[in-house]
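This note's numbering puts the first residue of the sequence shown at 154, with every later residue one more than the last.
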Amino acid sequence: MPWRVLTAAAIVGAAAYAASQFPLRQRLRLQAQLTALFTQAPVLLVGDSITYQAGPGQLCGAEVFNAAVPGDRVADLVADAPDYARQLAATRVVIAVGVNDAWPNHRDLDGWIADYRRLVAHYAGRELVLVEINPPDMTMPLFVQRLDFGFIAGANAAIREIAAETGARLVPAPVRVKTRDGLHPTPAGADLWRARLTMATCG
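Here's what the structure looks like:
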């Protein structure tokens with residue numbers, strides 16, 4: 154019915170206007186949540202700012218719904234997972250977390266691993282692709298050195314272990330990444346990120 158289409162359009166328009174008044178991170182989260190109501194993309198991609206910026210529009214010839222939100226930690230992805238798992242038709246889920254959990258005063262690694270396992274469990278029954286955390290670029294600003302590199306190494310070891318346990322495809326971290334600020338890849342680095350994802354997933 155036309156009135157239903159108009160009503161849906163009005164709701165989406167009102168939500169979009171409301172979202173425009175929010176801080177960027179909240180706005181991007183709401184945008185992803187709204188998109189999740191309508192998308193039929195067979196691939197779901199979740200993660201943080203690197204995933205948001207570098208995520209492909211297609212993977213193995215299939216459309217990708219990029220639900221990544223800059224600044225997200227694993228706990229944020231766990232909070233979103235029940236709705237995405239229930240709403241989406243995606244048969245493949247790519248989990249690509251970043252370094253946001255490795256800043257000073259971070260949670261303990263065991264708690265992080267437990268949350269990561271919960272995240273993976275929410276998408277049980279789908280083809281999973283687990284992406285290791287990119288290494289920070291130590292040639293860049295000193296703020297990068299505040300990260301807990303031992304935490305990142307432990308998290309990547311856990312990702313490898315969980316991939317082996319669940320049969321998920323694994324995208325190993327590169328030895329080094331060219332970045333524009335110490336964390337976020339340059340356009341060439343983003344191309345390499347997508348190439349590694351494609352090779353591990355579609356090969």
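The beta carbon of each residue, even a glycine, is placed where N, CA and C say it ideally should be.
Using three-state DSSP, classify residue i as helix, strand or coil.
{"i": "Ala238", "result": "helix"}
{"i": "Glu216", "result": "strand"}
{"i": "Ala341", "result": "helix"}
{"i": "Thr332", "result": "strand"}
{"i": "Gln179", "result": "helix"}
{"i": "Ala221", "result": "coil"}
{"i": "Asp233", "result": "helix"}
{"i": "Arg226", "result": "coil"}
How many angstroms separate the CA atom of residue i from the CA atom of residue j?
{"i": "Asn219", "j": "Pro209", "result": "8 Å"}
{"i": "Ala172", "j": "Gln179", "result": "Any reading at Ala172 is ruled out, since the residue's pLDDT is 48, under 50, leaving its predicted position unreliable."}
{"i": "Leu336", "j": "Ala194", "result": "29 Å"}
{"i": "Gly349", "j": "Met291", "result": "Per the sequence shown, the amino acid found at residue 349 is Arg instead of Gly. Their backbone Cα atoms lie some 21 Å apart in a straight line."}
{"i": "Gln277", "j": "Asp263", "result": "Note that residue 277 corresponds to Ala in the displayed sequence, not to Gln. The straight-line gap from Cα to Cα measures roughly 21 Å."}
Based on the DSSP output, what are the partners of residue i in its beta bridges?
{"i": "Ala249", "result": "Gly200"}
{"i": "Arg322", "result": "Val282"}
{"i": "Gln211", "result": "Glu216"}
Considering only the beta carbon of each residue, do residue i and residue j sit closer than 9 Å?
{"i": "Pro289", "j": "Pro327", "result": "no"}
{"i": "Arg322", "j": "Ala353", "result": "yes"}
{"i": "Tyr269", "j": "Val222", "result": "no"}
{"i": "Gly200", "j": "Ile248", "result": "yes"}
{"i": "Gln184", "j": "Asp233", "result": "no"}
{"i": "Thr418", "j": "Val282", "result": "Outside the modelled stretch of the chain, which goes from 154 to 356, sits residue 418, for which no answer is possible."}
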